[in-house]
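*Asks:* Residue numbers (my numbering), protein chains in the order written: chain Z, 1 to 213; chain B, 1001 to 1099.
Just so you know, even glycine gets a beta-carbon here, dropped at the ideal spot from N, CA and C.
What follows is a structure written as structure tokens; I'll ask about it next.
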Amino acid sequence: MERVIDMATPWEDPIKASKSLSIFAGSSVSGGAWAKVFTDAIAQFNSLSTANSLGVTFKLASAAPDPSGVGGADVQFEAASGTVSFVSFGQQISVNANGTSLSGDTKQVMTVFGNTKRIAKAFIVVPATPQVNANPVRAVGDGVKLVIAVHELIHAVGLSNADHSPDDLFNGYPQVRAGAKPEDDKIEVNGPKRLPPLFLASQTMAAIQNNWK
Amino acid sequence: MPGTVGTHVQKIQAAVIKLDGTAIEPSELALGRYGHSTAAAVLQYKQKRGIVNRSYQSKADNIVGKMTIAALDQELVDREQTTCVVVESITCRFDGTGN
């Protein structure tokens, strides 16, 4: 069963109690163009979490999520062009990624018991080589990729599209702005605010804190 | 039993958190240590279910014995059999078209 979500969801209680999510970078990330961005994204999220007492950090995992159950990493991060598939709790999950788009996908795998929903695993897929029209079209800079990665990490900790904030990296209508060089590319939110550097507004902080308290 | 450390303690901690949502101190979870918050969680679990060995006690204690293990196992099996898995999808675009 797959559906579009409408609110923040807590992780399974033992994971929530640990205040930590383990994350596995697939082979598409660990040796490719996203390797440094992925590492930086984890560091940036953890830094933001520590500075703002978000209640959760990421730690790197050496094993992918167990396809049949709760073992292995909590979260898997992949970069893809085309269809990428995962198996979680015996269910196949597919993401059809446009490898050059400016987008990100997060799948939250949840257990549902009565009225109680809990996230048990999460899978993030980013485009392999996102591009921007800088006249001509070219690969977007790592700064924009960093914003995409950290935005998706926030979904992995449980926030939904309904939790998008108007005023920070978790904005629901982010707009890429091409720079003269890839390193000058930015994501614009709420008018003139541009990222990186990454920042969080109180609305997003509160949503994460409430989901992990 | 209070003071014990090991993976068997971590399994007990995971079970009572999953079944009752009880808070256990992160330091006890990380080490698998049966500290005061684990003991309190076990006591609360047993009190809620009336797990008392009437042959030698009149009220619940904070020790995991055969009766408690059996209750935890049965509840976890029941929970597993009535739990379903759903996948929820989130797609975000960063080109100004919205999410």
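#1: Output yes if chain B places a C-beta closer than 8 Å to the C-beta of residue 113 of chain Z; else output no.
#2: Rounded to the nearest angstrom, what separates residue 92 of chain Z and residue 1052 of chain B at their Cα positions?
#3: Would you check whether the ligand GDP has a heavy atom nearer than 7 Å to the C-beta of residue 195 of chain Z?
#4: Rounded to whole angstroms, what is the Cα-Cα separation between residue 1 of chain Z and residue 1084 of chain B?
#5: On a CA-only basis, which of Z:135, Z:47, Z:191 and Z:64 is nearest residue 121 of chain Z? Give me that one, please.
#6: Could one say the Cβ of residue 208 of chain Z lies closer than 8 Å to chain B's Cβ atoms, at least one of them?
#7: Counting along the chain, where does the alpha helix (DSSP H) carrying residue 178 of chain Z start and finish?
#8: What are the boundary residues of the beta strand (DSSP E) that residue 45 of chain Z is part of?
#9: Beta-carbon separation of residue 139 of chain Z and residue 167 of chain Z under 8 Å?
#10: Excluding five sequence neighbours on each side, which residues of the same chain lie with their C-beta closer than 6 Å to the C-beta of residue 25 of chain Z?
#11: Under a Cβ-count criterion, where at least 16 other Cβ atoms within 10 Å of its own Cβ denotes burial, should residue 216 of chain Z be classed as buried or exposed?
#12: Output, in chain order, the set of chain Z residues within a Cβ distance shorter than 8 Å of residue 1075 of chain B.
#13: Rounded to a whole number of angstroms, what is the C-alpha to C-alpha distance between residue 1072 of chain B and residue 177 of chain Z?
#14: Would you give the residue range spanned by the alpha helix (DSSP H) that residue 152 of chain Z belongs to?
#15: What does the alpha-carbon distance come out to for the pair residue 100 of chain Z and residue 190 of chain Z?
#16: Return yes when the Cβ of residue 127 of chain Z is within less than 8 Å of the Cβ of residue 81 of chain Z, no when it is not.
#17: State yes or no: is the C-beta of residue 1095 of chain B within less than 8 Å of the C-beta of residue 102 of chain Z?
#18: Assuming residue 1088 of chain B and residue 108 of chain Z are in contact, meaning their beta carbons sit under 8 Å apart, how far apart are those beta carbons, in whole angstroms?
#19: Assuming residue 127 of chain Z is part of the beta strand (DSSP E), what are its boundary residues?
#20: Would you list, in sequence order, the uninterrupted alpha helix (DSSP H) runs of no fewer than 4 residues that lie entirely inside the stretch 1009-1038 of chain B?
#21: If I follow the unbroken alpha helix (DSSP H) through residue 16 of chain Z, where does it start and stop?
#22: Below 8 Å between beta carbons is the criterion; list the residues of the stretch 153-166 of chain Z that meet it against any residue of chain B, in chain order.
#23: If you count every other CB in all the chains shown that lies within 10 Å of the CB of residue 146 of chain Z, and 16 or more means buried, which is it?
#24: How long is the line joining the alpha carbons of residue 1074 of chain B and residue 1015 of chain B, rounded to whole angstroms?
#25: Among Z:203, Z:187 and Z:10, whose alpha-carbon lies nearest the alpha-carbon of residue 165 of chain Z?
#26: By the criterion of Cβ-Cβ separation under 7 Å, what are the contact partners of residue 1014 of chain B in chain Z?
#27: How would you list, in chain order, the residues of chain Z whose beta-carbon sits under 9 Å from the beta-carbon of residue 1026 of chain B?
#28: The beta strand (DSSP E) that contains residue 97 of chain Z, what's its start and end?
*Replies:* To lay it out plainly:
#1: yes
#2: 44 Å
#3: Summarising the ligand content, the structure contains no ligands, and the ligand GDP is consequently not present.
#4: Note that residue 1 of chain Z scores 44 on pLDDT, short of 50, meaning its location in the model is unreliable; the coordinates nonetheless yield the value given after this. Going from the Cα of residue 1 of chain Z to the Cα of residue 1084 of chain B covers about 10 Å.
#5: Z:64
#6: no
#7: Per DSSP, residue 178 of chain Z belongs to no alpha helix (DSSP H) and is neither H nor E.
#8: Run containing residue 45 of chain Z: none in the beta strand (DSSP E); it sits in the alpha helix (DSSP H), 35-52.
#9: no
#10: 38 and 77
#11: With chain Z covering 1 to 213 only, the question about residue 216 of chain Z has no answer from this structure.
#12: Neighbours of residue 1075 of chain B on chain Z: none; closest Cβ ~11 Å, over 8 Å.
#13: 55 Å
#14: 142-156
#15: 25 Å
#16: yes
#17: yes
#18: 5 Å
#19: 116-127
#20: 1026-1031
#21: 13-18
#22: 155, 160, 161 and 164
#23: buried
#24: 11 Å
#25: Z:203
#26: 14
#27: 17, 18, 19 and 20
#28: 91-97
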